[in-house]
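Worksheet for the structure shown next.
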Amino acid sequence: YVMFTWWRDIIREASFEGQHTLAVQQGLRMGMILFIVSEVMFFFAFFWAFFTSSISPVFNIGGVWPPVGIEAISPWGLPLLNTILLLSSGASVTWAHHAIVGGFKKEALQGLGITLAFAVAFTAMQGFEYMNAPFGMSDGVYGSVFYMATGFHGFHVIIGPIFLAICTLRLYFHHFSRQRHFGFEAAAWYWHFVDVVWLFLLLTIYWWGFGVVV
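Residue numbers (our numbering): 1043 to 1256.
Written out as structure tokens, the structure reads:
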């Protein structure tokens, strides 16, 4: 509720009251950058836990990685498809950004619509992977790290489309101009951050975790 009312006031101040001076815009940009940095620290903790466990696996999990009895998910199946979906969504949101800067509202709306479709498809594929995974969160350190890292990323993938959907509505109702569209830029930054985190997850937890390190 607090976040909703705060965002409502920010949108009202920017779109209808004209209170966002250059100093206010710079403050919002810095705030978004610091927010993303704080999110990086969350994922850094998950990657730290993964590398600590995978580089020096302890004897009670068999001294190998993946642990004895764990059937890891191949990175060349659904994870690769999800990578294509997310990278494509990153391209489409960039297209939408260039369209806004160029004053092409229709193309910007199309780009955002495509981005939202890719995001929904990614979430569906991730849910399908969870339902068919050969291990659970309770299956030792491997399952715990896998579900915490990918699940936390999945949470961000759900938040991102909400952010972008709001931007789509604001764009439709002429809240953005070629010069003033920081709300969209913030959403695009966030979405690109989600893309980059997924690439790290693919290379570490999926590819490395599939059995490259023994």
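All C-beta atoms in this analysis are idealised placements derived from N, C-alpha and C, irrespective of residue type, glycine included.
Query: Through-space distance from Gly1193 to Thr1157, alpha-carbon basis; Result: 20 Å
Query: Per-residue burial, His1140 [other beta carbons within 10 Å of its own, 16 or more giving buried]; Result: exposed
Query: Straight-line Cα distance separating Phe1092 from Val1255; Result: Residue confidence is low: Val1255 scores 46 on pLDDT, short of 50, so the model does not pin down where it sits. Its coordinate-derived value is still stated next. Distance between the alpha carbons of Val1255 and Phe1092: 12 Å.
Query: Simplified DSSP assignment, three categories, for Trp1231; Result: helix
Query: Minimum C-alpha distance to Tyr1248 - residue among Ala1133, Ile1200 and Ile1115; Result: Ile1115
Query: Of the residues Met1072, Tyr1232, Phe1205 and Val1183, the one placed nearest Trp1090, counting alpha carbons only; Result: Val1183
Query: Span of the alpha helix (DSSP H) around Ser1134; Result: Leu1120 to Gly1144
Query: Proximal residues to Ile1258 (C-beta, below 8 Å), its chain only, five neighbours per side dropped; Result: In the structure as shown, the chain starts at 1043 and stops at 1256, and residue 1258 therefore has no counterpart that could be examined.
Query: Counted within 10 angstroms of its Cβ, other Cβ atoms place Phe1101 as buried (16 or more) or exposed; Result: exposed
Query: Contacting residues, own chain, Cβ-Cβ under 7 Å from Asp1181 (five flanking each side not counted); Result: Ile1112
Query: His1216, buried or exposed, once every other Cβ within 10 Å from all chains shown has been counted against 16; Result: exposed
Query: Simplified DSSP state of Met1072, which is helix, strand or coil; Result: helix
Query: Residue closest to Asn1124, alpha-carbon to alpha-carbon, out of Leu1245, Trp1250 and Ile1208; Result: Leu1245
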